[in-house]
Amino acid sequence: MGMLAFLIAVNLGAVNIRHSDWMQVFTEHNRYEGASYVLWNIRIPRALLAIAVGAALGIAGALAQSLFRNPLADPGLLGVSAGASCSVAIAIVILDGFRFISSEELRIWTIPLFAFLGAMAVCFCLDYVARVVSPGSIAGLLLTGIALNALAGAAIGLCTYLANDEQLRSFTFWTLGSLASAQWMMVGVLIGTLLMAWVWIRTLLQDLNTLTLGENIANHLGVDVLQLRTKVIILVAILSGLAVAWCGMIGFIGLMAPNLVRICLGSDQKRVLPYSAGVGAILLLIADTIARTIAIPAEVPVGIFTALLGGPLFLILLRQYRSRLD
Amino acid sequence: MELQLNRACLQLGQQAFGPFDFTIKAGERVAILGKSGAGKSTIIRFIAREYRIKSGLILMNGSSMDQYSSAQLSRIRGVLPQNTQIVFGLMTDLVIELGRVSAPNKVNQERIVMQAAQMACAGHLLGRPFNTLSGGEQARIHLARVFAQLWDVCDGLILVDEPVAALDPGLQHQLLASIDHFASERNHAVLAVLHDINHAMDFERLLLVEHGRIIQDCRADHHALGDLEHLYGIQLEHLHNSQGGSVLIPVR
Numbered sequence: 495m496g497m498l499a500f501l502i503a504v505n506l507g508a509v510n511i512r513h514s515d516w517m518q519v520f521t522e523h524n525r526y527e528g529a530s531y532v533l534w535n536i537r538i539p540r541a542l543l544a545i546a547v548g549a550a551l552g553i554a555g556a557l558a559q560s561l562f563r564n565p566l567a568d569p570g571l572l573g574v575s576a577g578a579s580c581s582v583a584i585a586i587v588i589l590d591g592f593r594f595i596s597s598e599e600l601r602i603w604t605i606p607l608f609a610f611l612g613a614m615a616v617c618f619c620l621d622y623v624a625r626v627v628s629p630g631s632i633a634g635l636l637l638t639g640i641a642l643n644a645l646a647g648a649a650i651g652l653c654t655y656l657a658n659d660e661q662l663r664s665f666t667f668w669t670l671g672s673l674a675s676a677q678w679m680m681v682g683v684l685i686g687t688l689l690m691a692w693v694w695i696r697t698l699l700q701d702l703n704t705l706t707l708g709e710n711i712a713n714h715l716g717v718d719v720l721q722l723r724t725k726v727i728i729l730v731a732i733l734s735g736l737a738v739a740w741c742g743m744i745g746f747i748g749l750m751a752p753n754l755v756r757i758c759l760g761s762d763q764k765r766v767l768p769y770s771a772g773v774g775a776i777l778l779l780i781a782d783t784i785a786r787t788i789a790i791p792a793e794v795p796v797g798i799f800t801a802l803l804g805g806p807l808f809l810i811l812l813r814q815y816r817s818r819l820d
Numbered sequence: 006m007e008l009q010l011n012r013a014c015l016q017l018g019q020q021a022f023g024p025f026d027f028t029i030k031a032g033e034r035v036a037i038l039g040k041s042g043a044g045k046s047t048i049i050r051f052i053a054r055e056y057r058i059k060s061g062l063i064l065m066n067g068s069s070m071d072q073y074s075s076a077q078l079s080r081i082r083g084v085l086p087q088n089t090q091i092v093f094g095l096m097t098d099l100v101i102e103l104g105r106v107s108a109p110n111k112v113n114q115e116r117i118v119m120q121a122a123q124m125a126c127a128g129h130l131l132g133r134p135f136n137t138l139s140g141g142e143q144a145r146i147h148l149a150r151v152f153a154q155l156w157d158v159c160d161g162l163i164l165v166d167e168p169v170a171a172l173d174p175g176l177q178h179q180l181l182a183s184i185d186h187f188a189s190e191r192n193h194a195v196l197a198v199l200h201d202i203n204h205a206m207d208f209e210r211l212l213l214v215e216h217g218r219i220i221q222d223c224r225a226d227h228h229a230l231g232d233l234e235h236l237y238g239i240q241l242e243h244l245h246n247s248q249g250g251s252v253l254i255p256v257r
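Sequence order for the protein chains is A and B. Per the working numbering, the first sequence runs over residues 495 to 820. Per the working numbering, the second sequence runs over residues 6 to 257.
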């Protein structure tokens, strides 16, 4: 299913891709001209980026939900995405998009770097609150997330107010999310990070299951909840920070993918996490394909389609399997 | 196993508990009795390290409880809390299997889950979603989880908080008997908060709790009658049932 979606996604678009273009990509010494250039340098990296970002968002959402024992928790709710967004707003408006950095090569790293730093800052803030201000309380952490969301919202509002026309457009577009700037470098970084994160997550799956029984019981069963929480927070920061970094705020996937999996397959984290990655990847790939083909040659922000696609699907499944939800 | 409380005090907001001084030896079965709100569950919970004590010591096998990691402690101590909610719908098998999450030896996992479930009278509940079970059935699954946790160890400690409150009388008796059977097979000590005086009479020792402190530490037999009357502020009568066992009933 994923492979099929990938092939369809790669073949659709403004430029027609023929069979021979595929052959050309895989032959040695080709010069990447015309359609095969589009295929190799635009379509394939973009599709792979959609897959990687979708998977990262799905995993980050699933981790956040199991950490907070709340099916509504996602990096958005905890203020992680807002933190990233806020720091990007500052980068675009206050620092004027790093116009002072002359090299284009370096500049594409600045927005992701700021997004990542913002996400990390929020995560450490959450972690600090979790340890010092209201130790052991997940409700405290959730409320902190809401407060941080409000703070970031205020900062974003201020930046928006101060921004000039061009900055505003650039920030708004980033906020809506887009995969248009996909490059092989980004794909490599994201997929590498995903693989490393997955190796780490695999060791935590059963511990995450015990967390479902409650923090106290998890402790009784020999799980070091404090340590587990720190690990999960770091993972959420890395995954959602990276996902937000190049593609902006792509909403709904972190919330929807894990819940879809849970409705269909039950709540065993050993299943929820890998399948959330898969569902997130496919959803984002389809949404992005629609977003860039529906109004050729123009492009619609992908966030609109993740919501349009996911919302109804989610409601249908909710109706069908509501008994399995609790 | 030896659990020793040495002038352990606890402060929860305005409420002070303790000092507590008592020792529980391997294989011993101790019941905690007292009125609602006297602090029975609190004792269980701070021994389970859910609360940190303010002063004094809790010693497990001679060394302070704080020196144990969660994983180490989970190999010698199981806890059955009063009421628990599971947010996501897990299967009952998985809930029981989670009892063995920090067990070093993962072989025979399925067999242990099955036998633990059977011992807790929950064999027929396997393969069902936990959240669709009734309160009493959920209690049995949690008990099976504790059994699975301490299945292959000896000389452990089981802390239980009103294990049978949600069950019908027949099942109450059956479950207490299975806890008893499980513990004595492995020489586990049991420390249980109970509501029913007659269930407590099947234990060896009573800790009577009032206003956050232990007012009496005595053997569980009809000699405790006077203390129990004082504790609950009721009159009790000591009768013998047809099998010659002691029964305490309130006099109206």
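Backbone N, C-alpha and C define an ideal beta-carbon position, used for all residues, glycine too.
By the criterion of Cβ-Cβ separation under 8 Å, what are the contact partners of A:Arg822 in chain B? Coverage of chain A is limited to positions 495 through 820, which leaves residue 822 of chain A absent and any answer about it impossible.
On the DSSP bridge assignment, give the partners of B:Arg105 in chain order. In the second sequence, the residue the question calls residue 105 of chain B occupies position 100. DSSP output for B:Arg105 lists no bridge partner at all.
Measuring only the C-alpha atoms, how far is A:Asp820 from A:Ala737? Along the first sequence, read from residue 1 onward, the residue named residue 820 of chain A stands at position 326. Along the first sequence, read from residue 1 onward, the residue named residue 737 of chain A stands at position 243. Confidence at A:Asp820 is low in this model, with a pLDDT of 49, below 50, so the placement of that residue should be treated as unreliable; the coordinate-derived value is given next. Looking at the two C-alpha atoms, the distance is approximately 30 Å.
Inspect the beta-carbon positions of A:Ala550 and A:Ile776 and report whether they are closer than 7 Å. On the first sequence, residue 550 of chain A is found 56 positions in, with the first residue counted as 1. On the first sequence, residue 776 of chain A is found 282 positions in, with the first residue counted as 1. No, Cβ-Cβ distance for A:Ala550 and A:Ile776 is not below 7 Å.
To the nearest angstrom, report how far apart B:Val35 and A:Asp701 are at their CA atoms. Mapped onto the second sequence, residue 35 of chain B falls at position 30. Mapped onto the first sequence, residue 701 of chain A falls at position 207. The straight-line gap from Cα to Cα measures roughly 31 Å.
Would B:Ile184 be called buried (16 or more neighbouring beta carbons within 10 Å of its own) or exposed? Position 179 of the second sequence holds residue 184 of chain B. Around the CB of B:Ile184, 16 or more other CB atoms lie within 10 Å, so the residue is classed as buried.
Within the continuous alpha helix (DSSP H) that includes B:Met124, where are the two ends? As a first step, residue 124 of chain B must be located in the second sequence, where it is residue number 119. Its alpha helix (DSSP H) spans residues 114-124.
Please classify A:Pro752 as buried or exposed, where buried requires at least 16 neighbouring CB atoms within 10 angstroms. On the first sequence, residue 752 of chain A is found 258 positions in, with the first residue counted as 1. A:Pro752 comes out buried.
I think B:Leu15 touches B:Ile58, with their Cβ atoms under 8 Å apart; what is that distance to the nearest whole Å? Translated into the one-based positions of the second sequence, residue 15 of chain B becomes position 10. Translated into the one-based positions of the second sequence, residue 58 of chain B becomes position 53. Correct: roughly 5 Å between the Cβ atoms.
Return the CA-CA distance between A:Ser560 and B:Gly39, expressed in angstroms with no decimal places. Taking the first residue of the first sequence as 1, we reach residue 560 of chain A at position 66. Taking the first residue of the second sequence as 1, we reach residue 39 of chain B at position 34. Cα-Cα distance, rounded: 37 Å.
Terminal residues of the continuous alpha helix (DSSP H) containing A:Asp701? Stepping through the first sequence from its first residue, residue 701 of chain A is reached at position 207. Residues 699-706.
Closest to A:Val773 by CA distance: which of A:Phe610, A:Gly804, A:Ile788 is it? As a first step, residue 773 of chain A must be located in the first sequence, where it is residue number 279. Checked all of A:Phe610, A:Gly804, A:Ile788; the closest Cα to A:Val773 is A:Gly804.
Among the residues of its own chain, which have a CB less than 6 Å from the CB of A:Ala556, if the five just before and after it don't count? As a position in the first sequence, residue 556 of chain A is number 62, starting the count at 1. Within its own chain, the residues whose Cβ lies closer than 6 Å to the Cβ of A:Ala556, once the five positions on either side in sequence are excluded, are Pro752, Val766, Leu767, Ser770, listed in chain order.
Can you tell me whether DSSP reads A:Asp621 as helix, strand or coil? As a working note, residue 621 of chain A is residue 127 in the first sequence. DSSP places A:Asp621 within a helical segment (H, G or I) once states are collapsed to three.
Straight-line Cα distance separating B:Ala170 from A:Leu729: Counting from one through the first sequence, the residue named residue 729 of chain A turns up at place 235. Counting from one through the second sequence, the residue named residue 170 of chain B turns up at place 165. Their backbone Cα atoms lie some 41 Å apart in a straight line.
Return no unless some Cβ of chain A is closer than 7 Å to the Cβ of B:Val84. Taking the first residue of the second sequence as 1, we reach residue 84 of chain B at position 79. B:Val84 belongs to the set of residues whose beta carbon lies under 7 Å from a beta carbon in chain A.
Whole-angstrom distance between B:Asp98 and B:Gln77, CA atom to CA atom: One-based indexing of the second sequence puts residue 77 of chain B at position 72. One-based indexing of the second sequence puts residue 98 of chain B at position 93. When rounded, the distance between both Cα atoms is 24 Å.
Under a CB-based cut-off of 7 Å, is B:Leu95 close to chain A? Here residue 95 of chain B refers to the residue found at position 90 when the second sequence is read from its first residue. Taking 7 Å as the threshold, the shortest C-beta distance from B:Leu95 to chain A falls below it.
CB contact check: A:Gly552 to chain B, cutoff 7 Å: Residue mapping note: residue 552 of chain A aligns to position 58 of the first sequence, counting from 1. Answer no: the Cβ-Cβ gap between A:Gly552 and chain B never drops below 7 Å.
CB of A:Cys653 within 7 Å of CB of A:Gly612, strictly: Within the first sequence, residue 653 of chain A is the residue found at index 159, counting from 1. Within the first sequence, residue 612 of chain A is the residue found at index 118, counting from 1. Not closer than 7 Å, so no.
Which residues in chain A have a C-beta closer than 9 Å to the C-beta of B:Gln154? List them in chain order. In the second sequence, the residue the question calls residue 154 of chain B occupies position 149. Those within 9 Å of B:Gln154 in chain A are His714, Leu715, Gly716.
Express the C-alpha separation of B:Ser75 and A:Val547 in angstroms, rounding to a whole number. Reading the first sequence from its first residue, position 53 is the one you call residue 547 of chain A. Reading the second sequence from its first residue, position 70 is the one you call residue 75 of chain B. Near 36 Å, if we compare the C-alpha coordinates of B:Ser75 and A:Val547.
N- and C-terminal bounds of the beta strand (DSSP E) containing B:Met65: Sequence index remark: in the second sequence, residue 65 of chain B carries index 60 (1-based). For B:Met65, the enclosing beta strand (DSSP E) begins and ends at 60-65.
Strictly under 7 Å for the Cβ-Cβ distance: is B:Ser79 near chain A by that measure? As a first step, residue 79 of chain B is located in the second sequence; it is residue number 74 there, counting from the start. Yes, B:Ser79 lies at the interface with chain A (some Cβ there is under 7 Å from its Cβ).
On the premise that A:Leu642 lies in contact with A:Gly577, defined as a C-beta separation below 8 Å, what is that separation, rounded to the nearest angstrom? Counted from its first residue, the first sequence places residue 577 of chain A at position 83. Counted from its first residue, the first sequence places residue 642 of chain A at position 148. Indeed they touch by this definition, with Cβ atoms about 7 Å apart.
Out of A:Gly760, A:Arg540, A:Met690, state which residue places its alpha-carbon closest to the alpha-carbon of B:Thr137. For the purposes of this step, residue 137 of chain B is taken as residue 132 along the second sequence, with counting starting at 1. Minimum Cα distance to B:Thr137 is reached at A:Gly760.
At a Cβ threshold of 7 Å, is B:Val92 touching chain A? Counting from one through the second sequence, the residue named residue 92 of chain B turns up at place 87. For B:Val92, the answer is yes, since a Cβ of chain A falls inside 7 Å of its Cβ.
Whole runs of the alpha helix (DSSP H) within the region 649-697 of chain A, excluding any shorter than 4 residues: 659-670, 678-696
Residue range of the alpha helix (DSSP H) that includes A:Ile536: Position 42 of the first sequence, counting from 1, holds the residue named residue 536 of chain A. No alpha helix (DSSP H) contains A:Ile536, which DSSP labels as neither H nor E.
Given a limit of 9 Å on CB to CB distance, which residues of the region 45-57 of chain B reach chain A? Residues passing the 9 Å Cβ filter: Arg50, Ala53, Arg54, Glu55.
Using beta carbons (cut-off 7 Å, strictly below), is A:Arg563 in contact with chain B? Working through the first sequence from its first residue, we reach residue 563 of chain A at position 69. Yes, because at least one Cβ of chain B sits closer than 7 Å to the Cβ of A:Arg563.
When burial is assigned at 16 or more other CB atoms within 10 Å of the CB, is A:Gln763 buried or exposed? Translated into the one-based positions of the first sequence, residue 763 of chain A becomes position 269. Answer is buried; the Cβ neighbour count reaches 16.
If you follow the alpha helix (DSSP H) that A:Ala741 is part of, which residue opens it and which one closes it? Here residue 741 of chain A is taken as the residue at index 247 of the first sequence, counted from 1. Just to set this straight, residue 741 of chain A is Cys in the shown sequence, not Ala. Looking at the DSSP string, the run of the alpha helix (DSSP H) that includes A:Cys741 is 719-741.
Compare the C-beta of A:Asn703 with all C-beta atoms of chain B and state if any pair is closer than 7 Å. One-based indexing of the first sequence puts residue 703 of chain A at position 209. Interface residue, yes.
If you drop the 5 nearest sequence neighbours on each side, which residues of the same chain put their C-beta closer than 8 Å to that of B:Gln240? Counted from its first residue, the second sequence places residue 240 of chain B at position 235. Cβ neighbours of B:Gln240 beyond the five flanking positions: Glu234, Pro255, Val256.
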